[in-house]
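Heads up, the sequence shown is in the numbering used here, so the first residue is 358 and it goes up one at a time.
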Amino acid sequence: MGVILLDIGNVLVNVDFMPFCRAVSRKGEAGAAAIMERYCQGELKDRHDTGRTGPQEYLSMIAADPLTRDLPPDRLRLAWQDIFVPTPGSAEAVETLRQRHRLWIMSDTDPLHFAFLIDRFPVLRNMDRYFLSYEHGWLKRSPEAFRYVLDSSGFDASGFLLIDDREVNTGTCAEAGIQSILFRSWKETLASPLLAAFSQCSAEEEART
358 MGVILLDIGN VLVNVDFMPF CRAVSRKGEA GAAAIMERYC QGELKDRHDT
408 GRTGPQEYLS MIAADPLTRD LPPDRLRLAW QDIFVPTPGS AEAVETLRQR
458 HRLWIMSDTD PLHFAFLIDR FPVLRNMDRY FLSYEHGWLK RSPEAFRYVL
508 DSSGFDASGF LLIDDREVNT GTCAEAGIQS ILFRSWKETL ASPLLAAFSQ
558 CSAEEEART
């Protein structure tokens, strides 16, 4: 069986940070836009997603910002976490893929988001393995993230297929010899000739062993 590396954001669940930004903004839409730029993208978020800034430190940083309203810590935490909705067709697609492949999560995420996702979205549970940026310290735009997966697995790169919505990630995995599908929808992904070829190769490899 081949291994499919599944991204989470905008593949298994859709992500929208703006509800968080609006919920905590002290200065309306202008403040929300500034909060988005400061905490939902860029270097500060990268540090959080790679485990260099812990969850409590990150939330405390947001709470201390003059842009944000005074909120109880639990409300601030929930506002940060509750930014996901299911991607249409993801649960059915996962069950289809599971019939022929091992499914490993590979995600750029932080501990607060991942804990919320596992609790609220059953589609993320019962995967074979989880490779999370906040645990191993690499974002997928870095080749080291994929080298870490390969080194940890003991498998050849030809046995992997990444499904991810970001072109920078599909480009980087190619540097490690891993094929990828740039995700747009589950209907398009499941009909991909590349997925069909990967499944066929995996089946042939299994038959030889």
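Where is the CB? At the ideal position from N, CA and C, for every residue including glycine.
Here's the rule I'm using: 16 or more other beta-carbon atoms within 10 Å means buried, otherwise exposed. How should residue i be labelled?
i	result
T453	exposed
S382	buried
S417	exposed
V368	buried
G359	buried
R432	exposed
F503	buried
V525	exposed
S559	buried
F471	buried
D485	exposed
D364	buried
F512	exposed
A450	buried
D373	exposed
Which class does residue i belong to by DSSP, given the choice of helix, strand or coil?
i	result
S549	coil
N526	helix
A430	Per the sequence shown, the amino acid found at residue 430 is Pro instead of Ala. In this structure, P430 counts as helix in the three-state DSSP scheme.
S509	helix
I419	helix
D439	coil
Along the beta strand (DSSP E) that carries residue i, what are the first and last residues, could you check?
i	result
A537	According to the sequence as given, residue 537 is Ser; it is not Ala. Q536 to L539 is the extent of the beta strand (DSSP E) around S537.
F488	R486 to L489
S589	No answer is possible for residue 589: it lies beyond the span of the chain, which begins at 358 and ends at 566.
V451	Not the beta strand (DSSP E): V451 falls in the alpha helix (DSSP H), residues S447 to R455.
L518	F517 to D521
Please report the residue range of the alpha helix (DSSP H) in which residue i lies.
i	result
P468	P468 to R477
K402	E400 to D406
Three or more C-beta pairs closer than 8 Å, one from the segment 538–549 and one from the segment 381–392: is that the case here? The segment 538–549 is not in contact with the segment 381–392.
Between the segment 402–409 and the segment 425–443, do three or more beta carbon pairs fall short of 8 Å? Between the segment 402–409 and the segment 425–443 there are fewer than three inter-stretch CB-CB distances shorter than 8 Å, so the stretches are not counted as touching.
Decide if the segment 468–482 is in contact with the segment 508–521; the criterion is three or more beta carbon pairs, one per stretch, under 8 Å apart. No, the segment 468–482 is not in contact with the segment 508–521.
List, from N- to C-terminal side, the beta strand (DSSP E) runs of 3 residues or more that fit wholly inside the segment 360–395. List check, beta strand (DSSP E) in window: 370–372.
The segment 456–469 / the segment 403–420 touching (three or more Cβ pairs under 8 Å): Counting Cβ pairs under 8 Å, three or more are found: they touch.
Are three or more beta carbon pairs between the segment 435–447 and the segment 529–537 nearer than 8 Å? Too few Cβ pairs lie closer than 8 Å, so no.
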